[in-house]
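Here is the structure we will look at.
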Amino acid sequence: MNLVLPLDNGSTLNISVRTSSRAKRLRLVSSIKGVVAVAPENYNPDSLQEFVQSKKDWIAKTSDYYSGLRQRAGHAESEQVIYYLGKKFEFKIIKDRTDFATVSESLNLITFHVPDRRSYKVQIQWWYRRQTAQIIAARLPELSRQMNLQYNKFSIKKQKSRWASCSKKKNLNFNLLLAAAPADVIDYVVIHELAHILVMDHSKRFWKIVETFDPDFKSHKTWLEDHSPVIGIEDL
Ligand SMILES: [Zn+2]
Numbered sequence: 301m302n303l304v305l306p307l308d309n310g311s312t313l314n315i316s317v318r319t320s321s322r323a324k325r326l327r328l329v330s331s332i333k334g335v336v337a338v339a340p341e342n343y344n345p346d347s348l349q350e351f352v353q354s355k356k357d358w359i360a361k362t363s364d365y366y367s368g369l370r371q372r373a374g375h376a377e378s379e380q381v382i383y384y385l386g387k388k389f390e391f392k393i394i395k396d397r398t399d400f401a402t403v404s405e406s407l408n409l410i411t412f413h414v415p416d417r418r419s420y421k422v423q424i425q426w427w428y429r430r431q432t433a434q435i436i437a438a439r440l441p442e443l444s445r446q447m448n449l450q451y452n453k454f455s456i457k458k459q460k461s462r463w464a465s466c467s468k469k470k471n472l473n474f475n476l477l478l479a480a481a482p483a484d485v486i487d488y489v490v491i492h493e494l495a496h497i498l499v500m501d502h503s504k505r506f507w508k509i510v511e512t513f514d515p516d517f518k519s520h521k522t523w524l525e526d527h528s529p530v531i532g533i534e535d536l
């Protein structure tokens, strides 16, 4: 079900309504894909209308924010795209006996062959995990040597809201979606985490170390901030 909300600037906004048996009360969820109203199964349509009206300002603001992000990342709403090494690729899902993926730079297309179409997201996740593991396994020892900083071990994890982390035991975790970023941005993330071995906080001293090994770190940081919502850490 959809709800059409007239905005003060004369435009209208579509809000999709989703019911959930777990929802206790009405709430709104905003993401790069739009605004969704989540309602308990026995919700009253009038109070939903009222609720949405009362949140009109917030809805207008959040929609503006996400449409800005979509534009900056050059991302249309309904495109089937994924990022790989900083480039946008279209992707296709093909049913096959085994799972594998082919990347065509010339067609700008990644084809995922999957035994079961319904679980294609899991396959994409595994694919990202393998790509990220390969890159980190190559770059981490190299950058660790250059920076002369020793880590304990690393793992590739599914993390919803962070790109990487460093523990007190010097164990480094990297988000499995990191292979979506350009190579120099991945290097920045590795340098950032290695620098945490020396300085745990984000003080001036910390950023000085990062800058020494990545003079362009500010633009790499911005790339991640701009693209995190479109790469869809939450979606996969
Ligand atoms: Zn940090």
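To convert, note that position 187 of the sequence shown is 487 in the working numbering; the numbers rise steadily by one, no gaps.
Where is the CB? At the ideal position from N, CA and C, for every residue including glycine.
Check: Whole beta strand (DSSP E) elements within the segment 307-346, 3-residue minimum; Outcome: 312-320, 327-331, 334-340
Check: Endpoints, beta strand (DSSP E) assigned at alanine 464; Outcome: 464-466
Check: Buried/exposed call for tyrosine 365, threshold 16 Cβ in 10 Å; Outcome: exposed
Check: Pick from Asn344, Val381, Thr362 that is closest to valine 336, judged by C-alpha positions; Outcome: Thr362
Check: Residues surrounding ligand 1 [beta-carbon distance to nearest heavy atom under 6 Å]; Outcome: His492, His496, His502
Check: Beta-bridge pairing of tyrosine 384 - partner residues as DSSP gives them; Outcome: Lys387
Check: Reduced DSSP secondary structure (H/G/I, E/B, other) of threonine 398; Outcome: coil
Check: Glycine 368 versus aspartate 484: straight-line alpha-carbon distance, rounded; Outcome: 25 Å
Check: Beta-carbon gap between serine 316 and glycine 334 smaller than 8 Å; Outcome: yes
Check: For histidine 550, the residue or residues it bridges with in DSSP; Outcome: Residue 550 is absent from the structure shown; the chain starts at 301 and stops at 536.
Check: Rounded straight-line distance, which links the Cα of serine 347 to that of serine 406; Outcome: 52 Å
Check: Cβ-based burial, histidine 502 [other Cβ within 10 Å; buried from 16]; Outcome: exposed
Check: 8 Å Cβ cutoff met for alanine 479 and isoleucine 435; Outcome: yes
Check: Leucine 443 versus Thr512, Tyr383, Asn475, residue with shortest Cα-Cα distance; Outcome: Thr512
Check: Neighbourhood of arginine 505 by C-beta distance below 8 Å, restricted to the same chain and skipping five residues each side; Outcome: Val499
Check: CB contact flag (lysine 356, leucine 305, <8 Å); Outcome: yes
Check: Complete runs of the alpha helix (DSSP H) confined to the segment 450-500 [at least 4 residues]; Outcome: 483-498
Check: Simplified DSSP assignment, three categories, for leucine 440; Outcome: helix
Check: Identity of the residue in Leu477, Asp308, His492, Phe517 nearest valine 422 by Cα; Outcome: Leu477
Check: Nearest residue (CA-CA) to alanine 464, options Val338, Val403, Leu524, Asp516; Outcome: Leu524
Check: Buried versus exposed, by CB contacts within 10 Å (16 or more), leucine 261; Outcome: Residue 261 lies beyond the range of the chain shown here (301 to 536); nothing can be said about it.
Check: Residue closest to isoleucine 486, alpha-carbon to alpha-carbon, out of Trp507, Ile531, Ala495, Arg439; Outcome: Arg439
Check: Coarse secondary structure for leucine 303, derived from DSSP in three states; Outcome: strand
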